[in-house]
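Q: Numbering (the working numbering), first residue to last: 3 to 435. Even glycine gets a Cβ: it sits at the ideal position worked out from N, Cα and C. One structure follows; several queries about it will come next.
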Amino acid sequence: MIIEQMFERRSQSVNPAHPRDPLLASLFGLSANTSAGVSITPDRAMRIVAVYAAVRIIAETVASLPLNVYQGRDDGGKEVTRAHPLYPLLHDQPNAWQTSFEWREMMVGHAALRGNAYSEIIHSNGGSVEALIPLHPDRVIPFMPRAGTMAYEYAAADGRSRIILQDEMHHLRGLSADGVKGYDPVDLARDSLGLTAASEEFGARFFGNGTVAGGYLKHPQTLSEDAQKRLIKSWEERHRGPQRSHRPAVLEEGMEWQAIGIEPEKAQFLETRKFQIADIARMFRVPPHMLADLDRATNNNIEHQSLEFLMHTIRPWLVRHEQAIRRDLFSIEDRRKHFAKYLVNALLRGDVKSRGTFYKEMFGIGAMSPNDVRELEDLNPIDGGDQYFIQSNNVAPLTDPVPKDDEDDLIRALTDLVKKNGSDSPDAATDTR
3 MIIEQMFERR
13 SQSVNPAHPR
23 DPLLASLFGL
33 SANTSAGVSI
43 TPDRAMRIVA
53 VYAAVRIIAE
63 TVASLPLNVY
73 QGRDDGGKEV
83 TRAHPLYPLL
93 HDQPNAWQTS
103 FEWREMMVGH
113 AALRGNAYSE
123 IIHSNGGSVE
133 ALIPLHPDRV
143 IPFMPRAGTM
153 AYEYAAADGR
163 SRIILQDEMH
173 HLRGLSADGV
183 KGYDPVDLAR
193 DSLGLTAASE
203 EFGARFFGNG
213 TVAGGYLKHP
223 QTLSEDAQKR
233 LIKSWEERHR
243 GPQRSHRPAV
253 LEEGMEWQAI
263 GIEPEKAQFL
273 ETRKFQIADI
283 ARMFRVPPHM
293 LADLDRATNN
303 NIEHQSLEFL
313 MHTIRPWLVR
323 HEQAIRRDLF
333 SIEDRRKHFA
343 KYLVNALLRG
353 DVKSRGTFYK
363 EMFGIGAMSP
373 NDVRELEDLN
383 PIDGGDQYFI
393 QSNNVAPLTD
403 PVPKDDEDDL
413 IRALTDLVKK
423 NGSDSPDAAT
433 DTR
């Protein structure tokens, strides 16, 4: 095909002007320096505990939800179709070395941290999807060679690159300005993350120096340079590090210790770190209590924050991935009847008492059958459990017709009610108030 001939650059060296690897970026002077003087890349950002925790909780929450392939029914319902070729890939194992959980955790983790996640689609001779091979986002450049067509340049670890066409790539992108590539969250928040990294380094140095203010030793005599070095080395060996802090010091030869106080702004680095945790929580839209910041947490607001997390953080990622799967993995013909969907019921189950109340209400209005309830509780279906009931004086199947005697009683009751209301308010029809 013409488009394949356009992209026949299957083997070429990486352009150093556009390095994907963070190491190459630093070698070419393209690392993301920050105002705090700390270089921030996605890998460096993951060494910040709050960033790692936020990315992990998003990725693990999504990956822990079952992902099924469904077939739509003519009545508007749906049913799981395990015979579909995509079912074992999405539900069980997408390639030879990853489980479905691991693959989805990696995809969502890449997208949350880097804004994009990629897997190469391997097709069988018959054209069906056979495997999904993950690609590191730092080594992929998406582009549009012409309107309406996507392509991807992938640089392998050996330095050679190749073009992957749109129908050979599964692309999960985050918020995007051009619809081609998602924003890089770490790049957008690099100054905030740089401040966090700098405060961590300051704290490490502070405690490494013995958790006490700096100072100097005052000797009554003039010491040579070598004598000064020996004295400093001896002092640090005795007092440097948290395990040696606060040890009593013995000063000889008339020496005195002159302490230098900590600057007030440096003494506030713990407050700075607290603020940065909240800033990272905002960045990833994760409640602070999930990052172990419980300063303003109560039982009530934790419950509401958890629900907001599911609604405003997890749900968009689920929809984003479901639609990316539909676009990339299902054929045009297949999309008419089949789709992939995450099951979110497990996240919304709550405690035993809350679940019991919910099931009772849903069962009483005919919205759920006994087997629907049993499925949500991971129980096997029972015979006759697919019947729906509605709660009245007596529980009756929803599909049964209303008995004639009950219908007559209902009509009489309604008639009496209308008559009673009319006799109580004879001027109701003409009252203009």
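#1: Just to confirm, is the Cβ distance from residue 61 to residue 111 under 7 Å?
#2: Under 7 Å between the Cβ atoms of residue 89 and residue 341?
#3: Just to confirm the assignment: which complete beta strand (DSSP E) runs, minimum length 3, are found wholly within the segment 366 to 393?
#4: In whole angstroms, what is the alpha-carbon distance linking residue 184 and residue 175?
#5: Between which two residues does the beta strand (DSSP E) containing residue 73 stretch?
#6: Leaving out the 5 sequence neighbours to the left and right, which residues in its chain are closer than 7 Å to residue 364 when beta-carbon positions are compared?
#7: For residue 341, which residues does DSSP report across the bridge?
#8: Quick one: grab the DSSP three-state call for residue 332.
#9: Are there three or more Cβ pairs, one per stretch, closer than 8 Å when the segment 151 to 169 is compared with the segment 89 to 101?
#10: Would you kindly report the start and end of the unbroken beta strand (DSSP E) that includes residue 300?
#11: Can you tell me where the beta strand (DSSP E) with residue 132 in it begins and where it stops?
#12: Do you know how far the Cα of residue 44 is from the Cα of residue 54?
#13: Would you please state the rounded distance, in angstroms, between the beta carbons of residue 130 and residue 87? I believe it to be under 8 Å.
#14: What are the start and end residues of the alpha helix (DSSP H) that includes residue 126?
#15: Counting Cβ pairs, one atom from each stretch, are 3 or more of them under 8 Å apart for the segment 74 to 85 and the segment 326 to 346?
#16: Could you have a look at residue 97 and say whether DSSP puts it in helix, strand or coil?
#17: May I ask which residues mark the beginning and end of the beta strand (DSSP E) holding residue 291?
#18: Along the beta strand (DSSP E) that carries residue 173, what are the first and last residues, could you check?
#19: Please state if the CB of residue 121 and the CB of residue 136 are separated by a distance shorter than 7 Å.
#20: For residue 117, does the count of other Cβ atoms within 10 angstroms reach 16, so buried, or fall short, so exposed?
#21: How is residue 51 classed by DSSP in three states: helix, strand or coil?
#22: The beta strand (DSSP E) spanning residue 188 covers which residue range?
#23: Figure out for me which residue from 139, 133, 157, 167 has the closest Cα to the Cα of residue 148.
#24: What number of angstroms, rounded off, separates the C-alpha of residue 66 from the C-alpha of residue 318?
#25: Where residue 169 and residue 123 are concerned, what is the direct C-alpha to C-alpha distance, given to the nearest angstrom?
#26: Excluding sequence positions up to five away, which residues of its chain have a Cβ less than 6 Å from the Cβ of residue 198?
#27: On the DSSP bridge assignment, give the partners of residue 166 in chain order.
#28: Mapping the DSSP letters down to three states, classify residue 354 as helix, strand or coil.
#29: Figure out for me which residue from 294, 333, 378 has the closest Cα to the Cα of residue 354.
#30: For the alpha helix (DSSP H) containing residue 110, list its first residue and its last residue.
#31: Our contact map puts residue 156 next to residue 141 with C-beta atoms below 8 Å; I'd like the distance itself, whole angstroms only.
#32: Alpha carbon to alpha carbon, what distance is there between residue 151 and residue 331?
#33: Can you tell me whether DSSP reads residue 184 as helix, strand or coil?
#34: When you compare only the Cα positions, how much space is there between residue 95 and residue 291?
#35: Need the endpoints of the beta strand (DSSP E) that residue 147 sits in, please.
#36: What does DSSP give as the partner residue(s) for residue 35 in the beta ladder?
A: According to the structure shown:
#1: yes
#2: no
#3: none
#4: 5 Å
#5: 69 to 74
#6: 370
#7: 72
#8: coil
#9: no
#10: It is not in any beta strand (DSSP E) - residue 300 carries neither H nor E in the DSSP assignment.
#11: 131 to 137
#12: 10 Å
#13: 4 Å
#14: Where residue 126 is concerned, there is no enclosing alpha helix (DSSP H), given that its DSSP letter is neither H nor E.
#15: yes
#16: coil
#17: Unbroken run through residue 291: none, as it is neither H nor E.
#18: 171 to 175
#19: yes
#20: buried
#21: helix
#22: Segment 187 to 190 is the alpha helix (DSSP H) holding residue 188; no beta strand (DSSP E) there.
#23: 167
#24: 16 Å
#25: 8 Å
#26: 50, 278
#27: 154
#28: helix
#29: 378
#30: 102 to 116
#31: 6 Å
#32: 16 Å
#33: strand
#34: 33 Å
#35: 142 to 148
#36: 41
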